[in-house]
Amino acid sequence: MAWKRICGADEVLENTAKKFNIDGIPILLVNYGEGYRAIPPICPHMEEPLEESGVIVRCVLTCTKHLWSWDLKTLEMKGETEKPLKVYDVKQEDGVILANIEEELAYEFDGAEEEDDDFFK
Amino acid sequence: MKITVESRSGSCAAFQCGERETILYAGLRQGLNLPYECATGTCGTCRARVMSGVIEMRWKEAPGAKKLKPDKGDVLMCQTRPLSDCMLRVPSDIATTCGNRPASRRGVIRGIRRLTNDVAHFELYLTEPMDFEAGQFVVLETGDLSGGRAYSMVNFDNSTAKVTFVMKRKPGGGFSDWLFTRRADEVQVEVFGPLGRAVYRPEEGKNIICIAGGSGIAGMMSILEHSTRADHFKNYEGAVFFGVRTLSDAFFLEALARYVTASNSKLRVTIALSHEDAKTPTHPDYPVLKLASGMVHDVAADTMQGRYENSVVYVAGPPVMVDSAIRALIMGGVPTLDIRYDKYS
Chain S
1 MAWKRICGAD
11 EVLENTAKKF
21 NIDGIPILLV
31 NYGEGYRAIP
41 PICPHMEEPL
51 EESGVIVRCV
61 LTCTKHLWSW
71 DLKTLEMKGE
81 TEKPLKVYDV
91 KQEDGVILAN
101 IEEELAYEFD
111 GAEEEDDDFF
121 K
Chain R
1 MKITVESRSG
11 SCAAFQCGER
21 ETILYAGLRQ
31 GLNLPYECAT
41 GTCGTCRARV
51 MSGVIEMRWK
61 EAPGAKKLKP
71 DKGDVLMCQT
81 RPLSDCMLRV
91 PSDIATTCGN
101 RPASRRGVIR
111 GIRRLTNDVA
121 HFELYLTEPM
131 DFEAGQFVVL
141 ETGDLSGGRA
151 YSMVNFDNST
161 AKVTFVMKRK
171 PGGGFSDWLF
181 TRRADEVQVE
191 VFGPLGRAVY
201 RPEEGKNIIC
211 IAGGSGIAGM
221 MSILEHSTRA
231 DHFKNYEGAV
241 FFGVRTLSDA
251 FFLEALARYV
261 TASNSKLRVT
271 IALSHEDAKT
281 PTHPDYPVLK
291 LASGMVHDVA
301 ADTMQGRYEN
311 SVVYVAGPPV
321 MVDSAIRALI
331 MGGVPTLDIR
341 YDKYS
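Chains as they are written, first to last, in our numbering: chain S, 1 to 121; chain R, 1 to 345.
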């Protein structure tokens, strides 16, 4: 377990997202009003930077570039979204947001690596 | 040449591709829903990885290729021609489409006519008629200039050999610059289409909102023509926001006024002026058209706030305007499936 401090809970306003660098790992912290999500800072679709392209409204994160969106409470994919968000576990303690970061979470953008994994199954 | 594409789920589809056509166009015309948006090298949506075979890229510097990893064999399918049988991986699910399949046709451009200082109207006469949906576009290519340009159809007709377009002249903008200076000529072009998913379908049964900047109004005119003919505004409302710099940059006003009148004012049209104040609340020559000052996405957002219920929203125009408009729509609670746009500017 490696719970790392991301920031103070008041550093990321409701319905906004802010990018942090935690020991070299880029983390986007999203405050959706009813909670926080720590995710890789790019859209799993086409690598758009979600800090700029993302909109958070009514607990849903939408990337404005191609309208992929996710319910941040349930992580359910909305509309025509084809890939789930990857998330780091988060918790809030004494006004501080912590994320459990074992290793950097990344998305596969071509499917090739996924197949390589299958090879060893 | 035989092209095999493997989808993300691992399923494979195979199709034939001619020597002169791109892998994207070959797949689309044979009914596969390969991923794409612009079909002209700018958006990057049609990326794929070549696993085997030899290819050539038509436009190596395509803006959409910036994020690709060429050393791993990444390509844009819209710019890739096969030189042998090829096997590609595509990062999405692939299925066979129903409905209109795009095809290659030849055509002649005639009747180039200036609408404003930097916008012209032109007509394309096809050798074979084409069926398309309101809101779709085609890619035009000439032998003289390399690379295709996407234009949305302005008119709407079933199985028609005559289609009309508008283009904005971009200084140094290749095709438009070249076409702009050829008013009297008949220009031979290759045409691929129809393309695009930002279409109007009367059976959806929803109010229509159009937010367009400059020549982005083209596809909206087709949507208005179809919806007017389908008597759509008998049961639903419509709102069009047309953004231009100044009043003298606006065009299609007569047609827009005609659509408003035909709808018994169930359709409202607002011309948003970004670079001058609206001196009157309505257009001096077309009083059924409203005028407003400001960026078109702001005018639309202010007017429509809380009134997006049961609406499909079409957006077209310069990329910054499209992004801002989409952001405002999401903030306004419009479901993503009801936002329609094709990014090819």
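All C-beta atoms in this analysis are idealised placements derived from N, C-alpha and C, irrespective of residue type, glycine included.
Keep in mind it's a predicted model, so treat the numbers as computed, not measured.
Am I right that residue i and residue j are in contact with their C-beta atoms under 8 Å? What's the rounded C-beta distance?
{"i": "residue 70 of chain S", "j": "residue 55 of chain S", "result": "No, residue 70 of chain S and residue 55 of chain S are not in contact; Cβ-Cβ is about 12 Å, not under 8 Å."}
{"i": "residue 349 of chain R", "j": "residue 36 of chain R", "result": "Any question about residue 349 of chain R goes unanswered here, given that chain R covers just 1 to 345."}
{"i": "residue 187 of chain R", "j": "residue 179 of chain R", "result": "7 Å"}
{"i": "residue 55 of chain R", "j": "residue 83 of chain R", "result": "6 Å"}
{"i": "residue 33 of chain S", "j": "residue 21 of chain S", "result": "Contact flag wrong, Cβ pair sits at about 25 Å."}
{"i": "residue 96 of chain R", "j": "residue 130 of chain R", "result": "Rounded, the Cβ-Cβ distance is 21 Å, inconsistent with contact."}
{"i": "residue 106 of chain S", "j": "residue 6 of chain S", "result": "That belief does not hold up - the Cβ atoms of residue 106 of chain S and residue 6 of chain S are roughly 18 Å apart, past 8 Å."}
{"i": "residue 137 of chain R", "j": "residue 196 of chain R", "result": "5 Å"}
{"i": "residue 44 of chain S", "j": "residue 85 of chain S", "result": "7 Å"}
{"i": "residue 142 of chain R", "j": "residue 189 of chain R", "result": "5 Å"}
{"i": "residue 330 of chain R", "j": "residue 315 of chain R", "result": "No, residue 330 of chain R and residue 315 of chain R are not in contact; Cβ-Cβ is about 11 Å, not under 8 Å."}
{"i": "residue 51 of chain R", "j": "residue 73 of chain R", "result": "7 Å"}
So, residue i versus residue j, is the Cβ gap smaller than 8 Å?
{"i": "residue 215 of chain R", "j": "residue 166 of chain R", "result": "yes"}
{"i": "residue 240 of chain R", "j": "residue 256 of chain R", "result": "yes"}
{"i": "residue 269 of chain R", "j": "residue 291 of chain R", "result": "no"}
{"i": "residue 132 of chain R", "j": "residue 91 of chain R", "result": "no"}
{"i": "residue 83 of chain S", "j": "residue 51 of chain S", "result": "no"}
{"i": "residue 96 of chain S", "j": "residue 38 of chain S", "result": "no"}
{"i": "residue 42 of chain R", "j": "residue 57 of chain R", "result": "no"}
{"i": "residue 156 of chain R", "j": "residue 226 of chain R", "result": "yes"}
{"i": "residue 296 of chain R", "j": "residue 243 of chain R", "result": "yes"}
{"i": "residue 127 of chain R", "j": "residue 251 of chain R", "result": "no"}
{"i": "residue 3 of chain R", "j": "residue 68 of chain R", "result": "no"}
{"i": "residue 228 of chain R", "j": "residue 275 of chain R", "result": "no"}
{"i": "residue 332 of chain R", "j": "residue 213 of chain R", "result": "no"}
{"i": "residue 249 of chain R", "j": "residue 168 of chain R", "result": "no"}
{"i": "residue 135 of chain R", "j": "residue 236 of chain R", "result": "no"}
{"i": "residue 39 of chain R", "j": "residue 75 of chain R", "result": "no"}
{"i": "residue 93 of chain R", "j": "residue 53 of chain R", "result": "no"}
{"i": "residue 153 of chain R", "j": "residue 104 of chain R", "result": "no"}
{"i": "residue 92 of chain S", "j": "residue 17 of chain S", "result": "no"}
{"i": "residue 57 of chain S", "j": "residue 31 of chain S", "result": "no"}
{"i": "residue 336 of chain R", "j": "residue 78 of chain S", "result": "yes"}
{"i": "residue 28 of chain S", "j": "residue 36 of chain S", "result": "no"}
{"i": "residue 341 of chain R", "j": "residue 198 of chain R", "result": "yes"}
{"i": "residue 267 of chain R", "j": "residue 293 of chain R", "result": "no"}
{"i": "residue 104 of chain S", "j": "residue 25 of chain S", "result": "yes"}
{"i": "residue 101 of chain R", "j": "residue 31 of chain R", "result": "yes"}
Does the beta carbon of residue i fall short of 7 Å from some heavy atom of the ligand GDP?
{"i": "residue 327 of chain R", "result": "Although the ligand GDP was asked about, the structure shown includes no ligands whatsoever."}
Inset, instruction - With 8 Å as the limit, tell me which residues of the region 322-336 of chain R have their beta carbon closer than that to any beta carbon of chain S; keep them in chain order. - result: 323, 326, 327, 330, 331, 333, 335, 336
Inset, instruction - State whether the region 303-310 of chain R contacts the region 203-212 of chain R, with contact taken as three or more CB pairs (one from each stretch) at a distance under 8 Å. - result: yes
Inset, instruction - Name, going along the chain, the residues of the region 73-98 of chain S whose beta-carbon falls closer than 8 Å to a beta-carbon of chain R. - result: 78, 79, 80, 82
Inset, instruction - Could you pull out every unbroken beta strand (DSSP E) segment of at least 3 residues lying fully inside the region 269-300 of chain R, listed in chain order? - result: List check, beta strand (DSSP E) in window: 289-293.
Legend entry - Contained alpha helix (DSSP H) runs [length at least 4] in the region 183-252 of chain R, N- to C-terminal order: 217-229
Inset, instruction - Taking 8 Å as the threshold, find out whether the region 109-117 of chain R comes into contact with the region 144-158 of chain R through three or more Cβ pairs. - result: no
Inset, instruction - Pick out the complete alpha helix (DSSP H) segments inside the region 49-120 of chain S, 4 residues or longer, and give them in chain order. - result: 50-53, 112-119
Legend entry - Sequence ranges, beta strand (DSSP E) only - wholly within the region 75-107 of chain R, length at least 3: Taken in chain order, the unbroken stretches of beta strand (DSSP E) that lie wholly in the region 75-107 of chain R and span 3 residues or more are 80-82, 86-89.
Inset, instruction - Could I get the ranges of all uninterrupted beta strand (DSSP E) runs contained in the region 104-145 of chain R, with 3 residues as the minimum, in chain order? - result: 119-130, 137-141
Inset, instruction - Could you name the residues of the region 77-97 of chain R whose beta carbon sits closer than 9 Å to any beta carbon of chain S, in the order they occur along the chain? - result: 89, 90, 91, 92, 93
Inset, instruction - Select from the region 23-44 of chain R all residues with a C-beta closer than 7 Å to any C-beta belonging to chain S, and list them in chain order. - result: Residues passing the 7 Å Cβ filter: 44.
Inset, instruction - Decide if the region 113-128 of chain R is in contact with the region 7-14 of chain R; the criterion is three or more beta carbon pairs, one per stretch, under 8 Å apart. - result: no
Legend entry - Against chain R: residues of the region 32-52 of chain S by CB proximity under 8 Å: 46, 47
Legend entry - Where the region 60-71 of chain S meets chain R: residues whose CB sits under 9 Å from a CB there: 60, 62, 64, 65, 66, 67, 68, 69
Inset, instruction - Decide yes or no for the touch test of the region 279-286 of chain R against the region 309-327 of chain R: beta carbon pairs closer than 8 Å, at least 3 of them. - result: no
Inset, instruction - Only counting runs of 3 or more residues, tell me where the beta strand (DSSP E) segments fall wholly within the region 29-57 of chain R, in order along the chain. - result: 47-52, 55-57
Inset, instruction - Note down, in chain order, all residues in the region 12-32 of chain S with a beta-carbon under 7 Å from any beta-carbon belonging to chain R. - result: none
Inset, instruction - Scan the region 11-55 of chain S and note each continuous alpha helix (DSSP H) run of 4 residues or more that stays entirely inside, going in chain order. - result: 50-53
Legend entry - Residues within the region 50-64 of chain R neighbouring chain S, beta-carbon criterion of under 9 Å: 51
Legend entry - chain A contacts made by the region 210-223 of chain R, where a contact means CB separation under 8 Å: The chain inventory of the structure shown lacks chain A, comprising the protein chains S and R.
Inset, instruction - Could you run through the region 140-173 of chain R and flag, in chain order, every residue whose CB is less than 7 Å away from some CB of chain S? - result: none
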